[in-house]
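Here the protein sequences line up with chains A and B, keeping their order.
Sequential numbering from 0 applies to the first sequence in numbering that gives the first Met the number 0.
Sequential numbering from 0 applies to the second sequence in numbering that gives the first Met the number 0.
For glycine and all other residues, C-beta sits at the position ideal for the given N, C-alpha and C.
There are 2 protein chains.
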Amino acid sequence: MQLNPTHDVTRKSWLASANKPGCDFPIQNLPFAVFRRAGSNEAFRGGVAIGDQIVDLGALSRTTLLDGLAAQATSACAQPALNDFFAMGPAAWRALRHDLFALLESTPKSSATDVLRDCLVPLAAAEFTVPARIGDYTDFYTSIHHALNVGRLFRPEDPLTPNFQWVPTAYHGRVSSIGVSGQKVRRPMGQSMSPGEAAPVYGACARLDYEIELGLFIGQGNAQGEQIAVDDAEAHVFGICMLNDWSARDIQFWEMAPLGPFLGKNFATTISPWIVTMEALEPYRQEWHRAADEPQPLAYLESKHVRTDGALDIQLEVWLETAQHRARGDHAERLSRTSFKHQYWAVAQMVAHHTVGGCNLQPGDLLGTGTISGPTDIEAGAIIELARAGRTPLKLINGEERSFLADGDAVIFKGWCEKPGHARIGFGENRGEVHPALNAQ
Amino acid sequence: MQLNPTHDVTRKSWLASANKPGCDFPIQNLPFAVFRRAGSNEAFRGGVAIGDQIVDLGALSRTTLLDGLAAQATSACAQPALNDFFAMGPAAWRALRHDLFALLESTPKSSATDVLRDCLVPLAAAEFTVPARIGDYTDFYTSIHHALNVGRLFRPEDPLTPNFQWVPTAYHGRVSSIGVSGQKVRRPMGQSMSPGEAAPVYGACARLDYEIELGLFIGQGNAQGEQIAVDDAEAHVFGICMLNDWSARDIQFWEMAPLGPFLGKNFATTISPWIVTMEALEPYRQEWHRAADEPQPLAYLESKHVRTDGALDIQLEVWLETAQHRARGDHAERLSRTSFKHQYWAVAQMVAHHTVGGCNLQPGDLLGTGTISGPTDIEAGAIIELARAGRTPLKLINGEERSFLADGDAVIFKGWCEKPGHARIGFGENRGEVHPALNAQ
């Protein structure tokens, strides 16, 4: 791999907050979002996080700090959705990110620094929106640990479907109900069928769950009827956010045979505002494993590049903040911690599989990875796994119990990459709050 | 029901082609599409079919023939997508349709007639596009005859899933690959697993199928977290087109447990250009049946209005035109004929169910009804039913056989309503052509 200056941990920014230990947004990260000043009537526009500030790309596009491809990319980012920027492709993404890196790096104070400083908006003063017009949202199911954890609860004799180790399974999800961190999620009403009953009942979901996932934003797409080869696939991914695939388990399990989840999932999906670029994640690539005694990928999913460094060590945590936590001023409690490196199928394989039949991806499409669970109990990515479908309720430190989510619960995801000799690459936070059902008592 | 002048079969148009027997587009129909002159660089814009002509709503919006709500509606239709018009709601839809009816009706020759005549474009000279920016596409599964026909082939002991008679089952489909009549559909590549084999194989789909469905375009939507009550639901539907849910059965059946169809469906969906309004279909409403010994709908799906006239007698035919038909100048052959009146769940129930958990519908969303099969063998809506999964291949009149679709096949849907004392309300034609797989021999 060529030396990439934006990966060099020794580089620092003239913005002091970007150099603090534990900061999610050092100069080596530079993730993208769409924002405006909270409570304002400003137009939403693109921004890049640095320390405790946002570089306002709308403001930057009205300066002369950048030229060439980076300037064109900045103009594309001055809109309320990043689709046009995504469509420009990796050369443009890289040009803008590298030029921002250069402008933000410690240098003798220059007039450029002053101009850029005028383009900064404090992170704490911003509100965010979904960063692209999402044409289609696809949700994969690519953690074998999640599949086994859930499968063992309901089909202990046969927990894994026969296709799991051959197919990066996925289904189409709902675009209209995708919201950004802070989303208020109303507990859905719906049909469910209790074991042994003769008829389903209508009522508020009694088994509300989260699923911790990552979301991949597609950059350049493919023409209908064409394929994206597995070795070209990652160049079609702009970057990664965190994603909460809220799930109403009672509604889902009753409805899903034979066509899959529908109302059990489509009431809300929450994504984090910041999209971390694939380039920023490069230092955290790892070998992708497939044990010799397991099925090996079919040729269209096989790739030396994937084998060598197709896995990504993105660390993830789920935190629960209950109404009681808030009332007493207590901290939220961590429920689980895992890493994306355990995923059974890699990012490139998801993209190649999605297009193998000619389905056309478009800039701004969103691909969920599916729940991310690791090999141990504490690494489970959904409460149905942690509390074993309610058989072993979680006991919180403050004495509360949870089999599933309660009204007033806030679910908070945190994500980051970190290792010695490398800068921390943070994803920020993804938060969603459970509100009571409509018409419920 | 109030007397609606646009349903009066005695009314005729000054445009002679609209009054011919068998015409799909008499003055009582007035369906909407988005079109331009074929081969031109004109902007796409809305149009209304009348006889063998299209009223160009872009041109009409630049005249002074209409005023008030109808004029506003026409302006909304002058765009390359009808979303803004859909969002205006039933009063606007009705105002425009009724004013067009008045302008097109036989009257002493007037200056208005001359102005309108200048807004006509011959149907034969037009090309069409998908008539709305579709935010989300949902495909239902609401024919019990289709579910039983397919279920009996693969699970003869248990052909119907337990939820079918309780839940208007649905899944989210792919928006990006939806095309309009005339779409060229490349046979998809993908994974499939043959019975008794130890591993799947990669190759061109060997079991390519169509499904005849209707497509419902959503008018006004609902806010996230809110519901549309079953008795309000039809007011949220602008109108209906025909829809071909192309299906790669071998790919679909291998991938679909547990999350439903994905690559088996997402390579292409073909819709007819003309959207017939719910108002034009009113005379073809019928009683909706649910036998006393069957499960009755839960309260949120129960409606006196649905019971009284929730079914729609829309007649549908599937025709197959093979390469040999074309080479020899032979007519296409009809494979099946059925009616939407047999559907197990009604339009209003689909919309109410879709929103019961708070999922937000938006103007321009598309809902497929699922395959429409009737109670007898000839009424089957997919070739997998007609040829019993290849066990009894179809023998065509010209000597060809089909278990599934062959390259070069064109699948043509026709749809219409017709009964004594009422005008024929036609849907036109929906055509799609099968092209060879990529990289196939």
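DSSP links W344 of chain A through a beta bridge to no other residue. Around the C-beta of N265 of chain B, 16 or more other C-beta atoms lie within 10 Å, and the residue is accordingly described as buried. Counted as a single uninterrupted DSSP element, the beta strand (DSSP E) harbouring A48 of chain A occupies residues 44-49.
Going by beta carbons, I227 of chain A and T141 of chain A fall outside the 7 Å limit. Setting aside the 5 residues that flank it on each side, S372 of chain A is surrounded in the same chain by S142, H144, H145, N148, T337, E378, A379, G380, E384, each with a C-beta closer than 7 Å to its C-beta; the list follows chain order.
In this structure, F339 of chain A sits away from L365 of chain A, with a CB-CB distance that is not shorter than 7 Å.
Nearest to E417 of chain B by alpha-carbon distance, out of B:D376, B:H341, B:A279, B:G367, is B:A279. For Y283 of chain B, no CB of chain A lies under 7 Å from its own CB, so it is not counted at the interface with that chain. Contacts between L404 of chain A and chain B, judged by CB atoms closer than 8 Å, are missing: the closest CB pair is about 15 Å apart. The beta carbon of D83 of chain B sits no closer than 7 Å to any beta carbon of chain A.
Per the C-alpha coordinates, the member of B:S402, B:H6, B:Q52, B:R387 positioned closest to Q27 of chain B is B:H6.
Within its own chain, the residues whose Cβ lies closer than 8 Å to the Cβ of Y283 of chain B, once the five positions on either side in sequence are excluded, are L311, D312, I313, C416, K418, H421, I424, listed in chain order. Unbroken beta strand (DSSP E) stretches of 3 residues or longer found wholly inside the segment 90-150 of chain A: 119-121, 125-128, 136-139, given in chain order. Rounded to whole angstroms, the separation of the alpha carbons of Y136 of chain B and V236 of chain B is 14 Å. For W165 of chain B, the closest Cβ of chain A is nearer than 7 Å.
When secondary structure is reduced to three states using DSSP, G389 of chain A falls in the helix class. Within a 10 Å sphere around the beta-carbon of A169 of chain A sit 16 or more other beta-carbons, which makes this residue buried. Not one beta carbon of chain A lies nearer than 7 Å to the beta carbon of M349 of chain B. Scanning its chain for C-beta atoms nearer than 7 Å, with the 5 sequence neighbours on each side dropped, one finds around A388 of chain B the residues L152, in chain order. In terms of beta-carbon proximity, H171 of chain B lines the interface with chain A, with at least one pair separated by less than 7 Å.
Spanning the alpha carbons of V129 of chain B and A80 of chain B requires a straight line of approximately 8 Å. Secondary structure of R289 of chain A (DSSP, three-state): coil. Counting along the chain, the unbroken alpha helix (DSSP H) around N82 of chain B starts and ends at 82-87.
Taking a Cβ-Cβ cut-off of 8 Å, D208 of chain A has no neighbours in chain B, whose nearest Cβ is about 14 Å from it. DSSP, reduced to helix, strand and coil, places Q223 of chain B outside both helices and strands of the structure shown, so it counts as coil. Excluding sequence positions up to five before and after N397 of chain A, its CB lies within less than 8 Å of the CB of T321, Q323, H324, R327, D329, E332, all in the same chain and listed in chain order.
Listed along chain B is no residue with a C-beta nearer than 9 Å to that of S180 of chain A; the closest approach is about 16 Å. Under the three-state reduction of DSSP, N40 of chain A is assigned to coil, being neither helix nor strand. With a cutoff of 7 Å on beta-carbon distance, I53 of chain A and A123 of chain A are scored as not near each other.
Taken through DSSP and simplified to helix, strand or coil, C416 of chain A comes out as strand.
Secondary-structure assignment with DSSP links H434 of chain B through a beta bridge to B:R185.
The CB of F127 of chain B never comes closer than 9 Å to any CB in chain A; the least such distance is about 17 Å. In the three-state scheme derived from DSSP, where H, G and I count as helix and E and B as strand, A298 of chain B is classed as helix. One thing to note: Q251 of chain A has its Cβ no nearer than 7 Å to the Cβ of V166 of chain B.
Distance from the CA of T276 of chain B to the CA of L297 of chain A, rounded to the nearest whole angstrom, comes to 48 Å. Bounds of any beta strand (DSSP E) do not take in I250 of chain B; it lies within the alpha helix (DSSP H) bounded by 248-254.
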